[in-house]
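Shown next, in structure tokens, is the structure this report addresses.
Residue numbers (the working numbering): 4 to 332.
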């Protein structure tokens with residue numbers, strides 16, 4: 004879809020404004036712009052606030068990712084029946100279902116708002132234990148049962164615990180596969196990742212470069228590729244919007260990927276030491292690549308006056324290799 008942005012007018016703008024208002028994003032001046040269907044400064048502010056809350060890049064533009072997030076944010080648990088299908092159900096109702104199941108001890112996997120195989124298995128296990136029909140459908144009776152168990156919800160997500168336990172059994176890099184996603188489509192990013200690819204190949208890892216100017220690939224397509232090949236780790240890279248290097252892993256208000264966080268922290272350490280730059284602590288975000296991959300995933304964004312920082316490729320390769328080391332902290 005064509006991005007909707009500041010200066011635009013029309014029905015598409017009105018649709019965005021209606022959803023923002025329903026979700027509680029109405030800064031001063033927003034209503035006046037809504038009456039005219041005009042995307043002005045107040046609408047841009049509302050979009051930025053929504054994007055920031057959802058863990059997206061807060062650029063104030065409504066691209067396809069932001070539009071889908073606006074739609075998904077409108078769903079509440081019980082608004083519709085949820086079950087395993089293709090394409091999968093996506094929305095805040097799915098995320099709420101996953102959170103309930105995980106905090107009741109049924110491993111629904113990452114709380115990403117995408118109804119997949121793990122959510123289906125957890126839902127069926129819950130239905131079996133509660134004496135409900137085991138049909139894999141989150142319908143009225145199953146949701147009512149979940150809501151009655153609010154008092155039993157635990158502080159910790161069983162999915163986070165399970166992922167942390169998986170992370171404790173590392174057996175070295177040999178044979179492990181890594182997808183390197185150059186999702187920004189610029190030559191410098193692709194050049195850095197080609198350097199990473201060469202270094203990883205000599206360490207025993209099996210790297211795959213996806214995207215770049217020669218074969219553009221957006222984040223969702225890169226995530227789909229990584230899932231199809233069953234990669235062990237995914238590292239995305241793009242030119243950022245702020246000076247310096249920033250590192251992101253999948254995380255939000257109620258859930259963070261332990262393995263993604265650990266890889267991000269390794270990258271922070273190695274990049275800071277190799278380049279001499281001050282690298283901020285990694286942050287949890289819900290960019291499409293981070294959210295849609297089924298394995299640990301990290302996004303590195305960089306922006307400097309000239310070329311990529313010296314030794315950046317070396318630092319990234321060192322962190323990826325160290326991630327699989329049994330002695331890595």
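All C-beta atoms in this analysis are idealised placements derived from N, C-alpha and C, irrespective of residue type, glycine included. Quick caveat: nothing in here was measured; it's all calculated off a predicted structure.
Check                                                                                                                       : Outcome
Residue closest to residue 267, alpha-carbon to alpha-carbon, out of 299, 255, 8 and 23                                     : 299
Sequence-distant residues of its chain with Cβ nearer than 6 Å to residue 230 (five each side left out)                     : 297
Alpha-carbon to alpha-carbon, residue 50 and residue 185                                                                    : 26 Å
Residue range of the beta strand (DSSP E) that includes residue 212                                                         : 209-214
Backbone CA spacing between residue 328 and residue 251 [nearest angstrom]                                                  : 21 Å
Residues of its chain near residue 55, where Cβ-Cβ distance is below 6 Å and the 5 sequence neighbours each way are ignored : 61
Through-space distance from residue 4 to residue 159, alpha-carbon basis                                                    : 39 Å
Alpha carbon of residue 29 to alpha carbon of residue 116, nearest angstrom                                                 : 25 Å
Buried or exposed by the 16-neighbour rule on C-beta atoms within 10 Å, applied to residue 322                              : buried
Contact set for residue 238: own chain, Cβ-Cβ below 6 Å, skip 5 residues either direction                                   : 183 and 301
Backbone secondary structure at residue 140 - three-state DSSP                                                              : coil
Supposed contact pair residue 203 and residue 243 - C-beta distance, whole angstroms, cut 8 Å                               : Contact doesn't hold; Cβ gap of about 23 Å is too wide.
Contact under 7 Å by Cβ, residue 271 with residue 285                                                                       : yes
Where residue 313 falls, given that 16 or more other Cβ within 10 Å makes a residue buried                                  : exposed
Segment contact, 8 Å Cβ cut-off, at least three pairs: the stretch 25-43 with the stretch 93-108                            : no
Beta-carbon gap between residue 108 and residue 121 smaller than 7 Å                                                        : no
Residues near residue 142 by beta carbon distance below 7 Å, same chain, minus five either side                             : 84
Limits of the unbroken beta strand (DSSP E) element including residue 303                                                   : 300-306
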